[in-house]
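**Student:** The structure is given below, and queries will be raised subsequently.
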Amino acid sequence: MMAIEMVGGVYFPLSFRDPENRLHILLQQTQSRLILSHYLTKNKFNDTITILDIDSILVNNNLFQHINIDQLSSVHVTIDSIAYIIFTSGSTGLPKG
């Protein structure tokens, strides 16, 4: 979660148990551009969003060697910055964040 915040992103958890339709609604509402996913669940998402397999990150230690960490300090986080979003379904069954 801290890494997501450090790059100016917002964390929101997705459940692989949710129907694909609900997942797509959540992605549209949050205007997500990237998903960190397990290789067994990444097939639930279509090709319109970038999916990063977390297993490949854990296995490939050289993946991030060339990242300039100093650039991360340019992200400005304020008291009004959103850290995470939790969705509930409420009485309508539609996701609300």
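Letter by letter, the sequence shown follows residues 1 to 97 of full-length UniProt numbering. Yeah, the Cβ is synthetic: ideal placement off N, Cα and C, and Gly gets one too.
Output the distance between the C-alpha atoms of L23 and L14, rounded to the nearest integer angstrom.
**Tutor:** 7 Å
**Student:** Return the residue from the list D80, I49 and V77 that minimises the CA-CA distance to L26.
**Tutor:** I49
**Student:** Quick check on D55: does DSSP put it in helix, strand or coil?
**Tutor:** helix
**Student:** Using the DSSP secondary-structure output, state which residues sit across from Y84 in a beta bridge.
**Tutor:** Y11
**Student:** Quick one: using the 10 Å Cβ neighbour count with 16 as the cut-off for buried, is S37 buried or exposed?
**Tutor:** buried
**Student:** So is F87 buried or exposed if we call it buried at 16+ other beta carbons inside 10 Å?
**Tutor:** buried
**Student:** Which same chain residues, not among the five before or five after I54, have their C-beta less than 7 Å away from its C-beta?
**Tutor:** L36, S37 and H38
**Student:** For S89, which of helix, strand or coil comes out of DSSP?
**Tutor:** coil
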